[in-house]
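First to last, the protein sequences are chains A and B. According to the working numbering, the first sequence is numbered sequentially starting from 1. According to the working numbering, the second sequence is numbered sequentially starting from 1. Idealized CB from N, CA, C, for every residue including glycine. Inspection log for the structure reproduced underneath, given as structure tokens.
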Amino acid sequence: MTDAPETASPPSGAPQSSNRWRRFAEWDARPLRHDLFAAENPEAGFSVFHSPYDPAPSLSIEDGQVTVMDGKAAADFDILDAFIAAHHIDPAMAEVAMAMDPGEIARKLVDINVPRHELEALARGLTPARLAEVVGRLSALEIAFAYSKMRQRQTPGNQAHVTNAKDDPLQLAADAAVTVALGFDEIETTMRVASNSWANALACTVGAAVGRGGVLFQCSIEEAEELQIGLAGLSSYAETVSVYGTERAFIDGDDTPWSKALLTAAYASRGIKARCTSGAAAELLMGFHEQRSLLYLEARCLCLQRAMGVQGTQNGGIDGAPLTASMAGGVRELMAENLIAVWLGLECASGNDCRTSESEIRVGAKITPYLLAGSDLICSGFGSIKKYDNSFNPSLFNGEEIEDYLLLQRDFQTDGGLTPVEEDQVLGLRVRAVEALGAVMEELGLGTVPRARMMSVVFASGSEETVSYTPGEVTPISAAIKARGLTAIDVVRALGKRGFTEEAENLLLMLRQRISGDYLQTSALVRDGRVMSAINDPNDYRGPGTGYRMPEERWQAVQGIRNVLTRERVLAAENVVAGAGGAEVDWLVAAGPAQKGTGHHEVVIGVSPAFARQLHQTTAGHALVDVVAALVSGITAGGGTARLVRMLHTADTSFLGLAAARLSGSGFGIGIQAKGTTVLHQADRMPHMNLELFSNAPLTGLDHYHALGRNAARHTFGETPEPVVVPTHGEALGARFHVRVALLYAIETGLIDPIGHPIELAYRPEMRAPEAAQ
Amino acid sequence: MSVKSVSDLDLYPVAEKAPERVKTPTGKPLSALTLEAVLAGEIGAEDIAITPEALMLQAKIARAAGRATLAENFERAADLVGVPQELILDTYELLRPGRAGSAQELLDRAALLRRDYGAERVATLIEEAAAVYTRRGLFVKRY
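What follows is the structure in structure tokens.
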């Protein structure tokens with residue numbers, strides 16, 4: 001052969017021009033290569049778990065007052081130190097906790113015999129530097145495990161983003177309704193145009209009341225506006241109370257711990273649930289990192305949040321997550337800061353919102369520890385809409401990938417907070433949502449919604465497909481809602497008057513919750529009209545058999561993904577004849593016991609027990625009548641004669657082939673299963689030492705069968721023809737076909753008669769039924 | 001007097017376990033908040049609000065759950081229920097860096113909240129801020 005230089009050239013045939021393994025060029029073309037990766041550089045703020053500029057943990061207390069914390073004297077405390085020292089550090093506990101060996105505390109975090117409450121009490125006596133030091137001793141696996149033990153609410157939950165590129169209220173309502181059906185416990189919206197906030201809030205409020213109802217809803221905007229929207233009942237929680245890990249970043253963010261503490265209390269005073277937001281690398285992005293490690297700064301943020309008395313945090317990188325993930329160990333750091341949050345007794349909406357990579361593999365890996373460990377809110381914004389419609393920026397998971405996420409839940413038998421939806425159900429909800437919003441808008445004098453707009457939204461996957469409101473059209477509607485002081489009670493009344501009773505009741509239920517304040521407690525959400533929080537659903541994980549286990553009903557729901565194959569569905573799709581009796585086809589008829597042949601150029605084709613009886617097509621979709629025709633024509637073309645025999649004692653390809661070869665006058669035979677797996681065998685060979693094998697039936701075409709038949713015939717002339725190669729392109733054939741293969745092959749094996757003698761088959765291609773021709 | 005002390009945790013969720021303990025600001029029980037009442041115009045936006053009593057009850061529950069700082073937040077919130085929205089937002093603005101020109105402005109606001117609204121705990125928080133802002137020089141105008 002002289003083609004060796006050929007195969008060494010690029011596929012284009014161009015000569016090799018660079019001294020480089022071409023695999024690198026292929027790697028260069030993968031989505032991963034869009035990601036940037038940062039080197040460690042503490043001076044520039046790029047250190048993850050530890051920076052040489054981090055202070056050593058320390059604490060001195062005199063007369064109940066903190067005098068030194070993490071190496072800094074009280075007189076030098078910045079605004080964070082001062083607030084943490086005054087409100088986070090529990091002096092009595094600090095004496096015990098700071099005296100403990102950090103390694104021992106780390107072990108307690110992963111010890112199933114040390115209860116969560118004991119560790120939370122210890123945390124109240126630990127400084128930020130010590131908290132960071134302790135979690136820094138844990139591996140990624142230990143962090144995930146400790147997180148599953150320390151997280152607050154037992155039942156996991158999830159939060160969705162519902163936004164769109166046009167601020168279209170109809171689409172917001174329809175998407176909010178779908179989001180609720182998917183099982184999200186919280187919905188967060190924001191705007192492309194800030195002045196559209198009131199319309200966004202109204203639309204999501206209505207949409208979220210459709211169907212199951214009962215989710216918490218927030219509209220992310222400037223603090224004062226958000227508080228007013230909340231006061232009007234058009235949102236039920238807030239998570240924009242951002243805090244930062246250095247004084248200068250805090251001030252640059254235009255706040256102080258005291259202003260944020262007041263805001264936190266203000267939300268509670270209006271019956272609105274609130275959580276803070278903080279995450280690694282925010283200070284780095286803002287340019288005020290003080291050369292400290294990401295984890296140490298985040299430990300400061302989290303101690304501050306507990307000190308402020310907020311019930312929870314949105315934490316785990318958030319906007320800084322991609323920058324954190326660019327650093328070595330960065331994803332482990334994001335998990336570590338989440339662990340500090342729950343260790344401090346905070347509800348944790350654990351990040352997983354910002355898309356940290358263009359690599360789907362990195363995205364899937366990023367979410368997995370959280371799916372395994374569970375979290376109060378696994379994503380602090382799962383993009384329920386399409387990437388381009390996400391006004392926050394693409395999330396880690398988005399509308400495009402919801403089914404992938406549903407599968408991860410099913411794979412690991414873990415509760416990621418989402419429930420599969422059905423097509424009809426979703427369409428019904430979308431219609432209901434836009435009609436409800438249309439009715440409310442009309443009833444409240446906010447305009448009449450054209451039917452065409454509604455229908456355009458109902459079927460649209462994203463705003464690029466809709467003919468509906470533009471941002472500019474929404475602004476006067478939003479202004480009117482605000483100016484007229486419309487409230488959620490007005491919305492309830494409008495829904496009720498227009499016959500949307502269920503939706504009116506759902507919304508009223510959420511408003512009623514505001515009076516008791518039950519959902520202000522840690523990790524609270526509302527399910528089926530009931531508040532569940534760390535108080536009445538506390539995480540009690542203490543080892544196997546404890547903690548959260550999916551109830552059977554929930555597990556059944558999680559399994560309800562689309563296109564699950566049952567035996568009945570496969571058999572129906574494969575045109576399988578019911579019952580073991582399987583009617584014989586006219587083109588292949590039993591003709592008595594098979595005998596050994598005598599022709600020197602005879603090739604026996606040994607077919608499996610169900611071949612053309614119960615089963616009639618290969619996994620590649622070729623009708624068996626065409627496959628046999630291809631084999632026979634190939635044998636004929638090679639100068640041989642074909643004879644067909646049905647084996648009853650085996651369905652295994654090798655033995656089908658070997659048995660056929662031993663019945664063949666030439667000693668060469670072909671074995672074929674109904675699913676299309678085929679072997680070319682010779683009588684004196686060991687069973688598994690065949691001449692040729694088509695093991696990938698789903699890729700095997702009629703040309704291949706023809707070529708194999710021809711090769712078999714040429715063997716009878718003493719030649720050694722070039723084997724037929726069925727090319728593969730790396731398809732995950734097991735994933736694509738094995739459910740079908742296993743069910744089909746069981747039909748074959750079920751028909752085996754171990755002492756059954758091979759049966760001669762009369763091949764009558766002229767008798768093929770018209771419908772068998774495909 | 002019962003010798004058996006009932007934990008405050010047993011009152012949670014209040015809407016289910018102790019609904020009689022909370023009322024709307026207008027004195028209505030939870031059970032009065034029906035769709036029929038809304039449609040009849042008997043329920044207004046002023047009914048959909050939390051009361052200081054409910055917040056103090058949630059503070060007790062939080063404290064019983066070992067969450068002292070959360071309880072303190074609820075207590076500050078109870079202080080703020082009666083404070084008008086504009087004054088809360090204005091106080092929030094005043095606490096932002098560089099808004100107050102001096103510690104005295106913050107102390108004056110604390111005094112006002114204490115005197116007019118009995119907001120003792122919020123006043124204390126603002127006074128604490130005044131001291132730290134002074135030490136850290138946060139009275140510099142930012143715009």
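Interface criterion not met: the Cβ of Gln-65 of chain A is under 8 Å from no Cβ in chain B.
Among the residues of chain B, those whose CB is under 7 Å from the CB of Ala-82 of chain A are Val-132, following chain order. When only Cα atoms are considered, Lys-482 of chain A and Gly-230 of chain A end up about 12 Å apart. For Ser-197 of chain A, the enclosing alpha helix (DSSP H) stretches over residues 197-208. With a threshold of 16 other beta carbon atoms within 10 Å, Arg-115 of chain B falls short and is exposed.
The shortest CA-to-CA distance from Glu-337 of chain A to any of A:Arg-768, A:Met-150 and A:Tyr-548 is the one to A:Met-150. Identification of residues in the stretch 299-325 of chain A having a C-beta nearer than 8 Å to some C-beta of chain B yields Arg-306, Ala-307, Met-308, Gly-309, Val-310 and Gln-311, given in sequence order. Contacts between Ile-535 of chain A and chain B, judged by CB atoms closer than 7 Å, involve Leu-9, Tyr-12, Ile-61 and Ala-65 in chain order. Here Pro-52 of chain A is not near Ala-129 of chain A, since their CB atoms are 8 Å or more apart. In its chain, beyond the 5 residues on either side, Gly-279, Ala-280, Thr-324, Leu-334 and Gly-351 have a beta carbon closer than 6 Å to the beta carbon of Gly-317 of chain A. Within a 10 Å sphere around the beta-carbon of Thr-470 of chain A sit fewer than 16 other beta-carbons, which makes this residue exposed. Contact annotation, Leu-80 of chain A with Leu-304 of chain A: C-beta distance approximately 6 Å; criterion of less than 8 Å satisfied. Apart from sequence neighbours up to five positions away, the residues of its chain that approach Tyr-267 of chain A with a beta-carbon distance below 6 Å are Ala-238 and Ala-274, ordered along the chain. Beta-bridge pairing by DSSP links Val-679 of chain A to A:Gly-671 and A:Leu-693. With respect to chain A, the C-beta atom of Arg-115 of chain B has no partner C-beta closer than 8 Å. When 9 Å is used as the limit between beta carbons, Ala-123 of chain B is near no residue of chain A, the shortest such separation being about 11 Å. Thr-522 of chain A is a Cβ neighbour of Gln-311 of chain A, given a cutoff of 8 Å. Counting only residues of its own chain and dropping the five nearest sequence neighbours on each side, Gly-383 of chain A has a CB closer than 7 Å to the CB of His-161, Asn-390, Pro-394, Ser-395, Phe-397, Asn-398 and Gly-399.
Using a Cβ-Cβ cut-off of 9 Å, Leu-55 of chain B is close to Ala-268, Ser-269, Gly-271, Gly-517 and Leu-520 of chain A, given in chain order.
Residue contact check for Glu-333 of chain A against chain B: no CB pair falls below 8 Å. The alpha-carbon of Lys-28 of chain B is positioned some 21 Å away from that of Pro-84 of chain B. For the stretch 227-243 of chain A, the set of residues with a beta-carbon nearer than 8 Å to any beta-carbon of chain B comprises Leu-227, Gln-228, Leu-231, Ala-232 and Gly-233, in chain order.
Rounded to the nearest angstrom, the gap between the Cα atoms of Asn-158 of chain A and Ile-88 of chain B is 32 Å. Taking 7 Å as the cut-off between beta carbons, the residues of the stretch 96-120 of chain B near chain A are Arg-96 and Pro-97, in sequence order. In summary, Gln-104 of chain B is exposed, with fewer than 16 beta-carbon neighbours lying within 10 Å of its beta-carbon over all protein chains present. For Lys-260 of chain A, the enclosing alpha helix (DSSP H) has its first and last residue at 257-269.
Between Gly-529 of chain A and Asp-90 of chain B, the alpha-carbon positions lie close to 36 Å from each other. Chain-order list of chain A residues neighbouring Glu-72 of chain B: Gly-309, by C-beta distance under 7 Å.
Where Glu-226 of chain A is concerned, there is no enclosing beta strand (DSSP E), although the alpha helix (DSSP H) around it starts and stops at 223-231. Boundaries around His-117 of chain A are those of the alpha helix (DSSP H), 116-123, since no beta strand (DSSP E) includes it. For Tyr-405 of chain A, the uninterrupted alpha helix (DSSP H) segment begins and ends at 402-412.
Taking the CA atoms as reference points, Gln-617 of chain A sits about 14 Å from Leu-743 of chain A. Straight-line spacing of the CA atoms in Val-122 of chain B and Val-215 of chain A works out to 31 Å. Residue contact check for Val-467 of chain A against chain B: no CB pair falls below 8 Å. A straight-line Cα-Cα distance of about 10 Å links Lys-675 of chain A and Ala-610 of chain A.
Contact of Leu-87 of chain B with chain A is not assigned, every C-beta pair being separated by 8 Å or more.
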